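Protein chains in written order, with full-length UniProt numbering: chain S, 1 to 225; chain Z, 1 to 225. One structure is given here, and the rest of the page talks about it.
2 protein chains.
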Amino acid sequence: MDTLPTQLPLPERARAELERLILSGELAPGSRLNEVALAARLGLSRGPLREALRGLERDGLVTAGPAGQGMSVRRLEPEEMAELYDMRALLQGFILARLAERRAAGTLAPAVLERLQAQVAAMEADAGAGDAAAYYARNLDFHDALHEAAGHRRAATLYGSLLKESHLARQRSLSRPERMRESNAEHAAMLAAVAEGDPARARALGEAHVAGGGKRRWLESLGQG
Amino acid sequence: MDTLPTQLPLPERARAELERLILSGELAPGSRLNEVALAARLGLSRGPLREALRGLERDGLVTAGPAGQGMSVRRLEPEEMAELYDMRALLQGFILARLAERRAAGTLAPAVLERLQAQVAAMEADAGAGDAAAYYARNLDFHDALHEAAGHRRAATLYGSLLKESHLARQRSLSRPERMRESNAEHAAMLAAVAEGDPARARALGEAHVAGGGKRRWLESLGQG
DNA sequence: TGCGCGCAACCTGTCAACAGCCTGTTGACA
DNA sequence: TGTCAACAGGCTGTTGACAGGTTGCGCGCA
Numbered sequence: 001m002d003t004l005p006t007q008l009p010l011p012e013r014a015r016a017e018l019e020r021l022i023l024s025g026e027l028a029p030g031s032r033l034n035e036v037a038l039a040a041r042l043g044l045s046r047g048p049l050r051e052a053l054r055g056l057e058r059d060g061l062v063t064a065g066p067a068g069q070g071m072s073v074r075r076l077e078p079e080e081m082a083e084l085y086d087m088r089a090l091l092q093g094f095i096l097a098r099l100a101e102r103r104a105a106g107t108l109a110p111a112v113l114e115r116l117q118a119q120v121a122a123m124e125a126d127a128g129a130g131d132a133a134a135y136y137a138r139n140l141d142f143h144d145a146l147h148e149a150a151g152h153r154r155a156a157t158l159y160g161s162l163l164k165e166s167h168l169a170r171q172r173s174l175s176r177p178e179r180m181r182e183s184n185a186e187h188a189a190m191l192a193a194v195a196e197g198d199p200a201r202a203r204a205l206g207e208a209h210v211a212g213g214g215k216r217r218w219l220e221s222l223g224q225g
Numbered sequence: 001m002d003t004l005p006t007q008l009p010l011p012e013r014a015r016a017e018l019e020r021l022i023l024s025g026e027l028a029p030g031s032r033l034n035e036v037a038l039a040a041r042l043g044l045s046r047g048p049l050r051e052a053l054r055g056l057e058r059d060g061l062v063t064a065g066p067a068g069q070g071m072s073v074r075r076l077e078p079e080e081m082a083e084l085y086d087m088r089a090l091l092q093g094f095i096l097a098r099l100a101e102r103r104a105a106g107t108l109a110p111a112v113l114e115r116l117q118a119q120v121a122a123m124e125a126d127a128g129a130g131d132a133a134a135y136y137a138r139n140l141d142f143h144d145a146l147h148e149a150a151g152h153r154r155a156a157t158l159y160g161s162l163l164k165e166s167h168l169a170r171q172r173s174l175s176r177p178e179r180m181r182e183s184n185a186e187h188a189a190m191l192a193a194v195a196e197g198d199p200a201r202a203r204a205l206g207e208a209h210v211a212g213g214g215k216r217r218w219l220e221s222l223g224q225g
């Protein structure tokens, strides 16, 4: 067998692997999850697998149907996706406002801000070169860096959880160069507000980046479907 | 045995019961959860119990220590509690803003608003009579009604989840009559902003009700504690 | 008397097996 | 030919048992 004894407990291992399978689309939304088949596929027993599924249920990645009917990969309705965007926008605004407050209070290290601005510049280059993959990866790093700089664990974990959930509907709305530039211009504006220590504007821009930016781009990509 | 065969699956039943035990304080924060003992106490086997614990882990009510060390009831650090207040304030502001938007757009039924105002009036009476228990219960109903009227499922469930988690640290900061009146005055102000269809003010008041109100009252009760 | 080692009990992590229910299919009857 | 009912298979819900690790206690030694 290929199951080299990893140090992690099996439920957590199964959780991570299932998460990967679901978010990558290998397990399509709506598909039912056969416990014995899945357990065999992951090389473990049904016990730990069920524990992992319970965890994913709380994360909104799988849903438990009526009793006796097992679990399925969650299918994200458009309305639910819209609500997810609302929540992410709210958190993004909160984080940006917090950064601006820290800047104004002088508790935000200048090096941190400079590093964030450098990331935006790098994304600008990626967008100019039309390198969507590089831009996408750097975009993730940038948002992680924002969360870390804000220093609010709960907001960061919550945002991450909501983001993961939204990945149930895999969209690729940033593939076009003009959209990358548009999104990155919003990044720059957000950081400018932070640099000026303007929490209200930073918050508004942060919210708009997700709601007016990401959500709108998602809606447009729906229209193109 | 007293375990009459409930129609719910065992893991969900165990979840609800454990939640009750934890939030009521019968299982104190930090206490380790012996699986066999708990299973016997709940009248079931370790399998479903572990599933329930995994769910509660995702809810932040229990934490899994290092491998081989099992689970414990989560102990909420003051900093974590403060962050929870931040998140709840954010959501409360969002919900209030949404209500004001609905009011301005005319999609909020007048009867709903009137009912909310009636609840505030009833709480005013409770506060005047010094009936803390009645006030507390009506306060919960009021906030539920707010969430329902806002019509945003995700915000409502998220708020509920955060609220439950915050109950890990059981505070009783609303026991004094002047605090009840103070809190209820905030309710009235929030509804006034909604009635005027002023999302920005409603949002600010909603945030302040949790952050400037609940959080501050919590901090004060800490000082007394 | 204090410290360290070893043993024993316990507890978690994991698995395989049993019972009941749901589902899909097949066959008979109107 | 359409519909209903009975049956078979599979799947979930649940349980009890086994293996490995951890903890706490007691004993021996310095």
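Ideal placement from N, C-alpha and C gives every residue a C-beta, glycine not left out. Note that the structure is a prediction, hence the values are computed from the model and not measured.
- Straight-line measurement puts the Cα of A134 of chain Z at about 11 Å from the Cα of M180 of chain Z.
- For R58 of chain S, the C-beta contacts it makes with chain Z under 7 Å involve G55, R58, D59, in order along the chain.
- According to DSSP, residue pairing for M71 of chain Z in a beta bridge involves Z:L33, Z:A64.
- For G65 of chain Z, not one C-beta of chain S is nearer than 9 Å to its own C-beta.
- For the region 143-164 of chain Z, residues whose beta-carbon sits nearer than 8 Å to a beta-carbon of chain S comprise H152, R153, R154, A155, L158.
- With the criterion set as a beta carbon lying under 8 Å from some beta carbon of chain Z, the members of the region 67-90 of chain S are A67, E80, E83, L84, D86, M87, L90, in sequence order.
- Using a Cβ-Cβ distance cut-off of 8 Å, the region 84-94 of chain Z and the region 148-166 of chain Z are in contact, since at least three pairs of beta carbons, one from each stretch, lie closer than that value.
- By the C-beta criterion, the region 189-208 of chain Z is judged to be in contact with the region 88-105 of chain Z, since at least 3 inter-stretch pairs fall below 8 Å.
- The region 115-129 of chain S and the region 179-193 of chain S touch, with no fewer than 3 CB-CB distances between them shorter than 8 Å.
- In this structure, DSSP gives P177 of chain Z a helical state, which the three-state scheme calls helix.
- Contact check for A192 of chain Z against L96 of chain Z fails: the beta carbons are separated by 9 Å or more.
- Take V112 of chain S, set aside five residues on each side of it, and the residues of its chain with a beta-carbon closer than 7 Å to its own are A149, in chain order.
- Across the structure, Q7 of chain Z and W218 of chain S are spaced so that their CA atoms are roughly 41 Å apart.
- Look at the region 132-204 of chain Z and you find these whole runs of alpha helix (DSSP H), each 4 residues long or longer: 132-150, 153-166, 177-195.
- Following the DSSP letters along the chain, one finds E80 of chain Z inside the alpha helix (DSSP H) bounded by residues 78-105.
- In this structure, S:E19 is the residue among S:L44, S:E19, S:R15, S:V120 with its C-alpha nearest to the C-alpha of H167 of chain S.
- The C-beta separation of A16 of chain Z from P48 of chain Z comes to about 12 Å, leaving the pair out of contact by the 8 Å criterion.
- Against chain S, a Cβ distance below 7 Å from E51 of chain Z picks out R50, E51, R54.
- The contact set of P9 of chain S on chain Z, defined by CB atoms closer than 7 Å, consists of A67 in chain order.
- Note on D198 of chain Z: 16 or more other CB atoms within 10 angstroms of its CB, so buried under the neighbour-count rule.
- Nearest to E79 of chain S by C-alpha distance, out of Z:H152, Z:Q119, Z:T107, is Z:H152.
- Close to chain S, meaning a Cβ-Cβ distance shorter than 7 Å, are the following residues of the region 34-50 of chain Z: G47, R50.
- Check the Cα spacing between A28 of chain S and each of S:N139, S:A169, S:G60: the tightest is with S:A169.
- DSSP places G55 of chain Z inside the alpha helix (DSSP H), whose first and last residues are 46-59.
- Nearest Cα to R32 of chain Z within the set Z:A137, Z:A67, Z:D131, Z:V73: Z:V73.
- Counting only the Cα atoms, V120 of chain Z lies some 34 Å from R58 of chain S.
- Cβ atoms of A100 of chain Z and V194 of chain Z come within 8 Å of each other, at about 5 Å.
- Within the same chain, A14, E17, L49 come within 7 Å of L42 of chain S by CB-CB distance, once the 5 residues on both sides are set aside.
- Taking the C-beta atoms as reference points, E12 of chain S is found no nearer than 9 Å to A64 of chain S.
- Contact annotation: L61 of chain S and L23 of chain S have beta-carbon atoms nearer than 9 Å.
- Between R46 of chain S and E165 of chain S, the alpha-carbon positions lie close to 24 Å from each other.
- Rounded to whole angstroms, Q171 of chain S and E220 of chain S show a C-alpha spacing of 11 Å.
- Here the alpha carbon of L163 of chain S sits roughly 45 Å from the alpha carbon of G130 of chain Z.
- In the three-state scheme derived from DSSP, where H, G and I count as helix and E and B as strand, G128 of chain S is classed as helix.
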